[in-house]
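K.L.:
Here the first sequence is numbered in our numbering, starting from 118 and rising by one per residue. C-beta atoms are modelled at their ideal positions from N, C-alpha and C, and glycine is treated no differently. A quick note: this is a predicted structure, and the numbers were derived from the prediction, not measured. Sharing a structure, written as structure tokens. Questions coming.
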Amino acid sequence: MKVIYTNSTVNECPKEEELHIIRHTAAHIMAQAVKRLFPHAIFAYGPATDKGFYYDVDLGETKLSDNDLQAIEAEMRKIVKENIAIKPFILSREEAIALMKSHGEEYKVKHIDDLPEDAVISFYKQGEYVDMCVGPHLCYTKALKAFKITGQSGAYWKNDKNNKMLTRIKGIAFSSQKELEDYLKLLEEAEKRDHRRIGKEMGLFMFSDEASGFPFFLPKGMAIKNALIDYWRDIHIRENYIEVSTPMIMNRKLWETSGHWEHYKDNMYSTVIDEDIYCIKPMNCPGGVLVYRSQPHSYRNLPLRVGELGLVHRHELKGALHGLFRVRCFTQDDAHIFMRREQITTEIMNVVHLINEVYSKFGFKYFIELSTRPNDSMGSDEDWEAATNGLRQALEKLELPYIINEGDGAFYGPKIDFHLEDSLGRTWQCGTIQLDFQMPLNFGLEYIDEKGEKQRPIMIHRVCFGSIERFIGIITEHFAGKFPVWLAPMQVKVLLVSEKSADYGNEVYTALRKAKIRCEMDSRNEKIGYMIREAQIIDRVPYMVIIGPKEVEDGMVSIRCRDTAKTETMTLEDFLEKISNEIENRI
RNA sequence: GCUGGUGUGGCUCAGAGGUAGAGCAGCUCACUCGUAAUGAGCAGGCCGUGGGUUCGAUUCCCACCACCAGCUCCA
């Protein structure tokens, strides 16, 4: 706790709140600087953010260069030095509108229109600059001690792409210069964990200009993908899932029935086959539904859990592409669960448990979002309510915290999303559980109940990894490329101290290969330190086997561990047993 | 798709209106070496693509493509 002086109160203030006030004030000081340098600028919205602040500014035709940003930052420092008092005042609605109109601040006027009739409207004034704002703020500009402008981008007014695009100027702010520098250092470290960088260094995957957004998996990335899939199959077999594979290309009529054509045709790749339009699947569910519908089902066999590792293609906007996190084709670790109404809660809970098990395996922290009915959706109010309640009940029974994302569900049903963080703290949706009453209706799915009557099943769509590509990106950043042995693309690297030991080295290498260890040998004429450096820093291989005259003589192997940097000498049999055990148990 | 930025050998980057450099990686040779970089040499580039300006463009201008930071979108 620290005492911080603000305009609203002088109080004991938790760190978070203190930073929020600092950052919010930084936004105002930046606006003042912008206004001094660009008098025609008018201001839309300027909040504090997680690590700093931004202000969305309408600069008319003016484009900002890097030099302009530097000038704005310099002007901010001047304002701080001037140590201007920041004073709040309150106006009635009419007065507020009049004041903002006199300043030409049309966005603020629009903002007032959105406020409730009886709202008291507060302002903050620092020198010549006045901003409509709820505050609180620092009392004097000099109290802003550590900040930096970090960039600019476009941003739509009210986040709506139909509105005008404004210029967003962004910065970071902390309570001390040291904290700011620490944060910059942290960013630098985070950059080193970037999966795009590590992917290149380790040779995991690549992209080509000829296929923007479509990842190529290189042998080492493929090894990770396969290891994940093996793990996935193991836990799904244990949970009584069965597995299918459905076609990549199917007739447009199927997508019309499912509703995808209407909702996503602009994002679906299609082709013409014998004069009919066919679509490359953007989702696996219609295929799964056709499999279900191909034979009659008894209530006795429900829930029926049908998995599919399906490669889907979606035409994402190119500006949205981002390494493996946002691609145009990806493998969903999908499953469709067909069940009776009374099985909803239990099944949802089972899936939540499974997803939690997977994320715990990797030590991820995640947050859960419950998304409700969007405007543009199909189905009856009753079904939507039942589905949403089903999801909510499961979450509440499990006592899991979640946030509600109003109107962000799929067009066919509400969903629970699991979001994971990347190295920079940006979150990405990975797991999802969607409850669907519509697809079974559209496709006329049935099962026979205990009275011999036809009933309509309910469907869950769910993924754990989400997209295996995205998940590989997330784990790459999470482990900074230092994958546990069971996932490591190269599990062991044999390093030869000198050519003299090549025969024994080959023997060891062959034995490792025979034991199905993913393994390479470095027999270059280099010093051992050189080879270790490369194996450790570039390959990030969990175990280095060092072979020199000593090992030849003793008939042993020296194992250097990546994570402890310690070396242990043992027999090859012992090492094989140790590493096989770790791989088998996925430690 | 939108705003701003970037594009030079496999990788990281420097450079300038007169047709290109460094380090690392690669290859060769010497050293035969013990836990995070041995030394020397060689080779490698249509300076993203297509137009334009110019006596001359990789450098300036335009368009496109790709990538980066955001925005929008994400079934």
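May I have a chain-ordered list of the alpha helix (DSSP H) segments no shorter than 4 residues that lie completely inside the stretch 251–331?
P.N.:
The qualifying runs are 294–310, 312–319.
K.L.:
Where does the unbroken beta strand (DSSP E) through Y647 begin, and where does it stop?
P.N.:
Counting along the chain, Y647 falls outside any beta strand (DSSP E), though it belongs to the alpha helix (DSSP H) covering 645–650.
K.L.:
Counting only the same chain and skipping the five closest in sequence on each side, list residues whose C-beta sits under 7 Å from that of I139.
P.N.:
The residues are L255, L261, A290, S292.
K.L.:
Ends of the beta strand (DSSP E) at G548?
P.N.:
That run of the beta strand (DSSP E) goes 544–553.
K.L.:
Considering only C-alpha positions, which residue in the set C250, G244, I203 is nearest to M217?
P.N.:
The residue with the shortest Cα to Cα distance from M217 is C250.
K.L.:
On the three-state DSSP scale, how would you describe R146?
P.N.:
It is worth fixing the name first, because residue 146 is Ile in this sequence and not Arg. Of the three classes helix, strand and coil, the one that applies to I146 here is helix, per DSSP.
K.L.:
Closest by CA to I664, which one among G646, R657, K337, I461?
P.N.:
The option with the nearest alpha carbon to I664 is G646.
K.L.:
Cutting at 8 Å between CB atoms, please list the residues of its own chain near S125, excluding the five before and the five after it.
P.N.:
Confidence at S125 is low in this model, with a pLDDT of 47, below 50, so its placement is unreliable and the value that follows should be read with caution. Cβ neighbours of S125 beyond the five flanking positions: P205, G252, P253.
K.L.:
Starting from R677, trace the beta strand (DSSP E) both ways and give me its first and last residue.
P.N.:
Residues 674–678.
K.L.:
Taking the alpha carbon of R410 as the reference point, which residue from Y171, F155, F455, T627 has its own alpha carbon closest?
P.N.:
For R410, the nearest C-alpha among the options comes from F455.
K.L.:
Near W349, which residues of its chain fall below 6 Å by C-beta distance, leaving aside the five closest residues on each side in sequence?
P.N.:
Excluding residues within five positions, the ones whose Cβ falls inside 6 Å are D450.
K.L.:
Given S387, which residues of its chain have a CB within under 8 Å of its CB, disregarding the five upstream and five downstream residues?
P.N.:
Same-chain partners within the cutoff: R369, I394, Y395, C396, I397.
K.L.:
Report the residue from T363, C446, E616, H430 whose alpha carbon sits nearest the alpha carbon of V406.
P.N.:
Closest option to V406, Cα to Cα, is T363.
K.L.:
Ignoring anything shorter than 3 residues or poking outside the stretch 358–424, list the beta strand (DSSP E) runs there in chain order.
P.N.:
Entirely contained in the stretch 358–424, the beta strand (DSSP E) runs reaching 3 residues are, in chain order, 366–368, 387–390, 393–397.
K.L.:
Suppose the cutoff is 6 Å on Cβ atoms and the five residues either side in sequence are ignored; what does the same chain contact list for I315 look like?
P.N.:
T593, G598, listed in sequence order.
K.L.:
When the Cα of L321 is compared with those of F333, Q243, I229, which residue comes out closest?
P.N.:
Residue F333 is the option with its Cα nearest to L321.
K.L.:
Is G427 near Y358, with beta carbons less than 7 Å apart?
P.N.:
Their beta carbons are not under 7 Å apart, which means G427 does not touch Y358 by this criterion.
K.L.:
Which residues in the same chain have their Cβ closer than 7 Å to the Cβ of Y162, if we skip the five residues on either side of it in sequence?
P.N.:
Hits under 7 Å: D173.
K.L.:
If you check the beta carbons only, do V237 and I214 fall under 7 Å apart?
P.N.:
Cβ atoms of V237 and I214: not closer than 7 Å.
K.L.:
Can you list the beta strand (DSSP E) stretches of 3 or more residues lying completely in the stretch 590–667, in chain order?
P.N.:
Segments of the beta strand (DSSP E) lying fully in the stretch 590–667: 609–613, 636–639, 660–664.
K.L.:
Considering just the uninterrupted stretch of the alpha helix (DSSP H) at P336, what are its terminal residues?
P.N.:
Here the alpha helix (DSSP H) through P336 covers 336–355.
K.L.:
On the three-state DSSP scale, how would you describe N559?
P.N.:
N559: helix per DSSP, three-state reduction.
K.L.:
Using C-beta distances below 6 Å, list every residue in its chain close to M282, excluding the 5 sequence neighbours before and after it, in chain order.
P.N.:
Closer than 6 Å at the Cβ level, and outside the excluded window around M282, lie G271, Y273.
K.L.:
Measure the Cβ-Cβ separation of P491 and G526 and say whether it is below 7 Å.
P.N.:
Yes. Within cutoff.
K.L.:
Would you mind reading off the limits of the alpha helix (DSSP H) that contains D175?
P.N.:
Premise fails: D175 lies in the beta strand (DSSP E), 169–175, not in any alpha helix (DSSP H).
K.L.:
Any idea what DSSP makes of Y519, helix, strand or coil?
P.N.:
Coil at Y519, not helix or strand.
K.L.:
Do G330 and R445 have their C-beta atoms within less than 7 Å of each other?
P.N.:
Closer than 7 Å, so yes.
K.L.:
Jot down the residue ranges of each uninterrupted beta strand (DSSP E) in the stretch 428–513, minimum 3 residues, whole runs only, in chain order.
P.N.:
List check, beta strand (DSSP E) in window: 446–456, 483–488.
K.L.:
N279 to E523, Cα distance in whole Å?
P.N.:
Taking the straight line from one Cα to the other gives about 21 Å.
K.L.:
What is the DSSP secondary structure of S209, counted as helix, strand or coil?
P.N.:
Looking at S209 - three-state DSSP - the assignment turns out to be coil, as it is neither helix nor strand.
K.L.:
Pairs of beta-carbons, one from the stretch 433–445 and one from the stretch 466–477, closer than 8 Å: are there three or more?
P.N.:
Segments in contact, no.
K.L.:
Quick check: A340 and R679, are their CB atoms within less than 7 Å of each other?
P.N.:
No, they are not a contact pair.
K.L.:
Rounding to the nearest angstrom, what Cα-Cα distance links Q269 and N184 in this structure?
P.N.:
So the two alpha carbons sit approximately 12 Å from each other.
K.L.:
Excluding five sequence neighbours on each side, which residues of the same chain lie with their C-beta closer than 7 Å to the C-beta of Y122?
P.N.:
Annotation note: pLDDT 44 at Y122 (below 50); position unreliable, no value reported.
K.L.:
Looking at the structure shown, is R579 part of a helix, part of a strand, or coil, going by DSSP?
P.N.:
Looking at R579 - three-state DSSP - the assignment turns out to be strand.
K.L.:
DSSP state of D248, grouped into three classes?
P.N.:
D248 falls in the strand class under three-state DSSP.
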